[in-house]
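In this note's numbering, the protein residues as written are 5 to 489. Contents: one structure, followed by commentary.
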């Protein structure tokens, strides 16, 4: 009898437990998921206020809420490394370029392929196809790129006041050496002006797509204009050496500062102390640079190459990735889909609340209010689709049309979509990085004789395992090219 009652009691307990589980599941099913979103950028005072409005909208539209945590620029990389290495549960994070590739290859980000045909269907169709190609690693799409300019075009940016003063024809500048007569004129007549503005991060424009593009690029590259199928050490290529010879000559003549290889001077546009510099271009960039001068002077540009080149870095410069630890992957993709296709949400997250942070003018353009400048200044480039953003009052009406034209004329580098798996040569890559950090800044700023210095550089690279890495990378590149046929 005692045994029988034991069975009955045990059965009742089991039923109670199952009943409790069932009620928990029901409660969970009715609860609105809150996505944890890590974003780069200086934390803003009004983020919480804006996110309340965001959540009202997203809960109604797709049944989710979002909690944004901003991490300041200088801290973001290290903080995210800690978050990812600890296995913390989060849903979405900003990532870019090399870090995006590394985390994707290590399995930290979720492949989105299966979600893009359902939860992300609208943004899959909306975003430029080449962006998805750039976010694809070993057949898997690991993030949602910002829909903006896809090509990289470097330009010479000149102080227009000085160009006009000395009646210079900048259209004649086709090669780096063509700058010589202009630099000479500035050096001889403008003692307060440095002919070429640049610091330790300066490097001339080369014809190569760096396959491992650190702050100081590693040697491995492909010719971005010609599909040779070969990976080369771009530092020792004949055209690179010619450019470096010109730069060294400019250094010797005082056209750059003597401390350029170590300088951290940002060469701000609000200081009229430079004549020419090298920048990356996008349509109407001149307007931005003109504004940055504070009205002291205007700028004019000359393309270094007419055709913008689509590279891995140019299409992965701003990515929103879903964490492999996310408990709500479908909802995360739904939110990113809405953010990239819904004009109201995209502008709310980016510009803030209408009437509080900005006001809309009669023509549909907008004007920032003091609250946005002081309490809600967000990194626009990092947040998603640019083509559904409202235009500011001083922006051209055809701005986004010009971006689309720019994208259409952009041409893919042969290296686009190839991501090197360095797992077999990590030790050699670390050694090569150290060698590049030692030698490259002096070479790329013209501080040393490139002929003499390149030979020493090459010997050190070989000692660090350059040939082994080159062989492994060429093997993988050949396999990648074969898979694209």
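All residues carry an ideal CB built from backbone N, CA and C; glycine is no exception.
When the Cα of residue i is compared with those of the options, which residue comes out closest?
i           : options               : result
residue 227 : 240, 220 and 218      : 240
residue 303 : 234, 348 and 291      : 291
residue 39  : 96, 87, 45 and 470    : 96
residue 61  : 339, 433 and 415      : 339
residue 473 : 160, 222, 134 and 55  : 222
residue 345 : 83, 123, 72 and 49    : 123
residue 57  : 211, 352, 134 and 173 : 352
residue 287 : 131, 136, 407 and 118 : 407
residue 213 : 157, 274 and 72       : 157
residue 68  : 332, 101, 416 and 415 : 332
residue 310 : 129, 378, 410 and 76  : 410
residue 43  : 37, 36 and 55         : 55
residue 243 : 234, 235 and 209      : 209
residue 437 : 358, 468, 179 and 126 : 468
residue 179 : 126, 248, 234 and 137 : 248
residue 422 : 234, 161 and 342      : 234
residue 161 : 307, 379, 451 and 254 : 307
residue 47  : 378, 367 and 92       : 378
residue 283 : 159, 462, 117 and 443 : 159
residue 375 : 357, 385 and 384      : 357
residue 300 : 90, 165 and 404       : 165
residue 196 : 260, 342 and 289      : 260
residue 51  : 142, 382 and 428      : 382
residue 482 : 424, 433, 398 and 316 : 424
Locate the beta strand (DSSP E) running through residue i, then write down its first and last residues.
i           : result
residue 41  : 38-44
residue 96  : 96-99
residue 224 : 224-227
residue 325 : 323-326
residue 115 : Premise fails: residue 115 is in no beta strand (DSSP E) and is neither H nor E.
residue 200 : 198-200
residue 213 : 212-214
Taking its Cβ as the centre, do 16 or more other Cβ atoms sit within 10 Å of residue i, making it buried, or is it exposed?
i           : result
residue 445 : buried
residue 471 : exposed
residue 324 : buried
residue 326 : buried
residue 250 : buried
residue 431 : exposed
residue 447 : buried
residue 78  : exposed
residue 272 : exposed
residue 420 : buried
residue 219 : exposed
residue 70  : buried
residue 459 : exposed
residue 107 : buried
residue 487 : exposed
residue 417 : buried
residue 476 : buried
residue 29  : Residue placement at residue 29 is poorly supported in this model, since its pLDDT is 39, which falls under 50; the coordinates are not used for a value here.
residue 362 : buried
So who's on the other strand from residue i, going by DSSP bridges?
i           : result
residue 281 : 161
residue 72  : 41
residue 315 : Per DSSP, none; premise fails for residue 315.
residue 364 : 370
residue 416 : 314
residue 237 : 224
residue 182 : DSSP, once it has assigned bridges, lists no residue as partnering residue 182.
residue 307 : 159
residue 148 : 324
residue 141 : 144
residue 358 : 362
residue 396 : 370
Could you pull the start and end residues of the alpha helix (DSSP H) that residue i belongs to?
i           : result
residue 484 : 470-487
residue 88  : 77-89
residue 242 : 242-256
residue 61  : 51-66
residue 136 : 133-138
residue 437 : 430-448
residue 333 : 333-345
residue 130 : 125-130
residue 268 : Where residue 268 is concerned, there is no enclosing alpha helix (DSSP H), given that its DSSP letter is neither H nor E.
residue 455 : 454-467
residue 292 : 289-296
Shorter than 8 angstroms from the beta carbon of residue i to some beta carbon of chain C?
i           : result
residue 318 : Checking the listed chains, one finds no chain C in this structure; it contains a single protein chain.
Quick check: the segment 224-238 against the segment 181-196, are there 3 or more CB pairs under 8 angstroms? no
Any chance the segment 355-373 sits against the segment 100-113, with 3 or more Cβ pairs inside 8 angstroms? no
Would you say the segment 257-277 touches the segment 196-205, given that touching needs at least three Cβ pairs under 8 angstroms? yes
Does the contact criterion of 3 or more C-beta pairs under 8 angstroms hold for the segment 138-158 versus the segment 388-405? yes
Touching or not, the segment 141-151 and the segment 118-133, by the rule of three or more beta carbon pairs under 8 angstroms? yes
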